[in-house]
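Peer 1:
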Amino acid sequence: AGFGCGGVIALEVAHYLASRDLAAAGLDDDLVDRCLGICLIGSARGHNYIPASFRWPASMAAVAPQSIARRIFLYRLRRSLTMEHVSESGIRLVMAAAQDAHWSAIVQQLNWIGGWKRARSEFEQLPFPIHQIHGMKDSQLKVPPPQDASLLVQGSHW
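End of the sequence shown sits at 171 in this note's numbering; the numbers just go up one at a time, nothing left out.
Written out as structure tokens, the structure reads:
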């Protein structure tokens, strides 16, 4: 199972395991057969579900002073948190965590998720199903089509 970025990691691990000779790697060769599936919660099935706004930190961090890039990031983050999706205390908590986080860790995480290249079609070949739960009011990631996920009508990313 994977939530948010953890879903991307779960998909990558599943792809790796399904495409390798596990016995040669010293792993149980029936590991893939025992897998019942992957469950994604508020995550993405491929790079095309990651919005372009997640790809800007590398270029911004390379040309702008850290203080300006950080202010732009915090401004964009705050704009994505609406009272319709997150309570006022939830907004304060997310913003406080973002303000306290080390800037290089934020840039590294956004560059990693923004630079993810594997397409949804590559995961369709896995020998087990992918189950997905996603909020229809997600303001962070693209909402998957109904055939790909159980969509929560009032659900958001947060």
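Virtual Cβ for every residue (Gly too), placed ideally from N, Cα, C.
How many Å lie between D161 and F141 at the Cα?
Peer 2: Taking the first residue of the sequence shown as position 1, residue 161 is located at position 148. Taking the first residue of the sequence shown as position 1, residue 141 is located at position 128. C-alpha separation (whole angstroms): 14 Å.
Peer 1: What are the boundary residues of the alpha helix (DSSP H) that Q138 is part of?
Peer 2: Against the sequence shown, residue 138 aligns to sequence position 125. No alpha helix (DSSP H) holds Q138; DSSP gives it neither H nor E.
Peer 1: Compare the beta carbon distance of R58 and R133 with 8 Å and say whether it is the shorter of the two.
Peer 2: For the purposes of this step, residue 58 is taken as residue 45 along the sequence shown, with counting starting at 1. For the purposes of this step, residue 133 is taken as residue 120 along the sequence shown, with counting starting at 1. Yes.
Peer 1: For my contact list, S56 and S152 are in at a C-beta cut-off of 8 Å; report their separation, rounded to the angstrom.
Peer 2: Within the sequence shown, the letter at position 43 stands for residue 56. Within the sequence shown, the letter at position 139 stands for residue 152. Incorrect: roughly 15 Å between the Cβ atoms, too far for contact.
Peer 1: Which of helix, strand or coil does DSSP assign to L154?
Peer 2: On the sequence shown, residue 154 is found 141 positions in, with the first residue counted as 1. Coil.
Peer 1: Take R131 and list the residues in its own chain whose beta-carbon comes closer than 8 Å to its own, dropping the five residues that flank it on each side.
Peer 2: Locating residue 131 in the sequence shown gives position 118, counting from the first residue. Correct list, in chain order: L24, E25, H28, G59 and H60.
Peer 1: Using C-beta distances below 8 Å, list every residue in its chain close to Q167, excluding the 5 sequence neighbours before and after it, in chain order.
Peer 2: Translated into positions along the sequence shown, residue 167 becomes position 154. Closer than 8 Å at Cβ, skipping near neighbours: G148, M149 and K150.
Peer 1: Could you name each continuous beta strand (DSSP E) segment of 3 residues or more that falls completely within the stretch 24–96, going from the start of the chain to the end?
Peer 2: Counting whole runs of 3 or more residues, the stretch 24–96 contains the beta strand (DSSP E) stretches 51–54.
Peer 1: So what's Q145 in DSSP terms, helix, strand or just coil?
Peer 2: Within the sequence shown, numbered from 1, the residue matching residue 145 stands at position 132. DSSP places Q145 in strand when its eight states are reduced to three.
Peer 1: Among all the DSSP beta bridges, which residues are the ones paired with S169?
Peer 2: Counting from 1 along the sequence shown, the entry for residue 169 is found at position 156. In the DSSP output, where bridge partners are listed per residue, S169 has none listed.
Peer 1: In whole angstroms, give me the CA-to-CA distance for I104 and L139.
Peer 2: The residue given as residue 104 occupies position 91 in the sequence shown. The residue given as residue 139 occupies position 126 in the sequence shown. Their backbone Cα atoms lie some 37 Å apart in a straight line.
Peer 1: T95 to R89, Cα distance in whole Å?
Peer 2: Residue mapping note: residue 95 aligns to position 82 of the sequence shown, counting from 1. Residue mapping note: residue 89 aligns to position 76 of the sequence shown, counting from 1. The alpha-carbon atoms of T95 and R89 are separated by roughly 12 Å.
Peer 1: Looking at C-alpha atoms only, which residue of Q145, D41 and V156 is the closest neighbour of G19?
Peer 2: Sequence index remark: in the sequence shown, residue 19 carries index 6 (1-based). Among Q145, D41 and V156, the Cα nearest to that of G19 belongs to Q145.
Peer 1: Tell whether a beta-carbon distance below 8 Å holds between D42 and L35.
Peer 2: Taking the first residue of the sequence shown as position 1, residue 42 is located at position 29. Taking the first residue of the sequence shown as position 1, residue 35 is located at position 22. Result yes, Cβ atoms of D42 and L35 sit closer than 8 Å.
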